[in-house]
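Numbering (this note's numbering), first residue to last: 47 to 436. Here a beta-carbon is modelled for each residue, glycine too, at the ideal position from N, C-alpha and C. Since the structure is predicted, the reported quantities are computational estimates derived from the model, not experimental observations. A quick write-up on the structure given underneath.
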Amino acid sequence: MTMKICMLDPLFYPYYGGTEKVVLEVGKRLVRNHGCEVEVLTSMIPQAKGVKQEEIEGIKVYRTPSLYFDNLPAFLPPPFTISPFLNLYILKHGDADIYHIHNRFWYYWGTLATIKLLLRKKLMLTIHNARPKGISPDVDFWGGLYDDTLGRVLFSACDRINCVSRATLEATIPAEMHRKCAVIYNGVDTKRFKPGTGREKIRDRLGIGDAPLVLSNGRLITQKGFPYLLDAFAGVKEQIKDAKLLIIGRGPMKEQLLTHARSLGIADSFSITTGIPEDELPAYYDAADVFVLPSLYEPGAVVLYEALSCGKPIVATNVGGNSEIVSSECGFIVPPCDSRALEERILTLLADEKLMGRMGAASRKRAVENFDWDIITEEWMKSYEAAYST
47 MTMKICMLDP LFYPYYGGTE KVVLEVGKRL VRNHGCEVEV LTSMIPQAKG
97 VKQEEIEGIK VYRTPSLYFD NLPAFLPPPF TISPFLNLYI LKHGDADIYH
147 IHNRFWYYWG TLATIKLLLR KKLMLTIHNA RPKGISPDVD FWGGLYDDTL
197 GRVLFSACDR INCVSRATLE ATIPAEMHRK CAVIYNGVDT KRFKPGTGRE
247 KIRDRLGIGD APLVLSNGRL ITQKGFPYLL DAFAGVKEQI KDAKLLIIGR
297 GPMKEQLLTH ARSLGIADSF SITTGIPEDE LPAYYDAADV FVLPSLYEPG
347 AVVLYEALSC GKPIVATNVG GNSEIVSSEC GFIVPPCDSR ALEERILTLL
397 ADEKLMGRMG AASRKRAVEN FDWDIITEEW MKSYEAAYST
């Protein structure tokens, strides 16, 4: 039988965050490798330029009329959309075998009633964002309150729940529901993200020659912990004068980070790059010597898989799923909010080329053997089959 899957994600390509990348990469492989029919119901966002319907790598994409908000309180990180006619679109596409929700904070009463009561179809949920912890008091409070009330009803209604890390599962889903849950990690295209994809080209573009380059990648928001990385890098600069730091990302904290860099006296060695085309990302990873993720909260960072696949030694904080992704052979796990620990581990790596090479090779091996998107898609397919058979 050909399985028809309807995915619901409030944001989708050309918006390209971590969740959207997962939906696209797995969705196209479900079509190509498993013969599934895959639809994505999503919001009309400004980046889509009015295109209501299109096909992207075999995935049929339908965008519903939506309100788009880019200025929101901290506990609702932008962008956020409201789609008043979503449930009519779900009814219109009511022939799917499984409906797969990718944002538990966005879909609720009307969506549940339409899928479970009117259509009487199977419902799957992927938890891409764990119960908030350690971001800020207001985010932690409101996120936790949602999961304990409205979220719990959604969890109960689902036939199957996938979580992007063991930490995400244990932090978010009540223990009595674990029987219908699976841990399915995010992944990476190891054929695209690999060593030797453009190191010299990017270094020439950045004008840094052979200088040691520390790289990070993520939205410029509080939970990513970038101020701690800047503090750490100031210490690195005292020991390695020509070291450079590059952050790839966009978000509301850009000016704050640039100001902080100036106050630390490292502005001439630090830059933020935005708007990098997806096909150039592997070359930026390749140009780096060390990849650092200083997050305060991180359920299953896609950027860690990309850094692994490009053969980079990694320094990441001990939050969420980071320690499940980065093994001790591939890098170092340090406490969150600890600039000194970040500094020490970055210096350890930059001072030892053999260690960087050994950890980089282990990173590449780990990505290819465990996290290639083809492997991850097989796990998704097993989960769909389990949901369909319940």
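Would you check if the distance between the CB atom of residue i and the CB atom of residue j is smaller than 8 Å?
i, j, result
"L395", "P359", "yes"
"R150", "G197", "yes"
"V234", "A413", "yes"
"L54", "Y114", "no"
"T423", "L70", "no"
"L276", "L310", "yes"
"H139", "E103", "no"
"C209", "T218", "yes"
"R308", "L266", "no"
"G64", "V348", "yes"
"C52", "A142", "yes"
"G437", "N263", "The structure shown does not extend to residue 437, since the chain is modelled only from 47 to 436, so the question has no answer here."
"E425", "I230", "yes"
"A333", "R249", "yes"
"C227", "I207", "yes"
"L164", "L132", "no"
"S335", "P382", "Before going on, a small fix: residue 335 reads as Asp here, not Ser. No, Cβ-Cβ distance for D335 and P382 is not below 8 Å."
"M299", "F272", "yes"
"A408", "C376", "yes"
"I286", "L303", "no"
"L292", "L350", "no"
"H174", "M427", "no"
"P241", "R410", "yes"
By the three-class DSSP mapping on this structure, what secondary structure does residue i have?
i, result
"I105", "strand"
"L57", "coil"
"H148", "coil"
"F417", "helix"
"A362", "strand"
"N263", "strand"
"V68", "helix"
"K486", "Outside the shown range of the chain, which is 47 to 436, sits residue 486, and nothing can be said about it."
"I219", "coil"
"V380", "strand"
"F239", "coil"
"K50", "strand"
"T214", "helix"
"E370", "helix"
"E344", "coil"
"E301", "helix"
"R75", "helix"
"G403", "helix"
"H306", "helix"
"I181", "coil"
"T447", "Residue numbering for the chain in the displayed model covers 47 to 436; residue 447 lies beyond these limits and cannot be assessed."
"T394", "helix"
Excluding sequence positions up to five away, which residues of its chain have a Cβ less than 7 Å from the Cβ of residue i?
i, result
"Y153", "L54 and I147"
"F239", "P328, Y331, E352, S355 and C356"
"Y135", "L87, Y108 and T110"
"P7", "The shown model of the chain, from 47 to 436, leaves out residue 7, and the question about it has no answer."
"I181", "T268, Q269, L342 and Y343"
"Y61", "I91 and Q93"
"V365", "G180, S341, L342, Y343, E344 and P382"
"G406", "G357, K358 and P359"
Give me whichever residues DSSP pairs with residue i in a beta bridge.
i, result
"A228", "N208"
"T172", "N208"
"S429", "Paired residue(s): none; S429 is not in a bridge."
"V234", "D418"
"R113", "Reading off the sequence, residue 113 comes out as Leu, not Arg. DSSP lists I128 as partners of L113."
"I248", "Note: I248 sits in no beta bridge, so no partner."
"F316", "L291"
"Q99", "Y108"
"F337", "L261 and I360"
"S454", "Coverage of the chain is limited to positions 47 through 436, which leaves residue 454 absent and any answer about it impossible."
"E83", "K50"
So, at 8 Å on beta carbons, what are the nonlocal neighbours of residue i in its own chain, with the 5 sequence-adjacent residues on each side left out?
i, result
"Y59", "E66, L70, I102 and V107"
"L401", "P359, T394 and L395"
"G321", "R296"
"Y434", "M49, D143, I144 and K168"
"D256", "R249"
"I392", "V260, A278, F279, V282, V336, V338 and V361"
"H224", "L215"
Skipping 5 residues on each side, what residues in its chain have a beta carbon closer than 6 Å to that of residue i?
i, result
"T127", "P56, S89, S112 and Y114"
"F337", "L261, A353, K358 and I360"
"A280", "L310 and I312"
"T236", "S355, A413, V414 and D418"
"L200", "R150"
"N368", "E344 and A362"
Does the pairing of the segment 322-332 with the segment 207-224 give three or more beta-carbon distances under 8 Å? no
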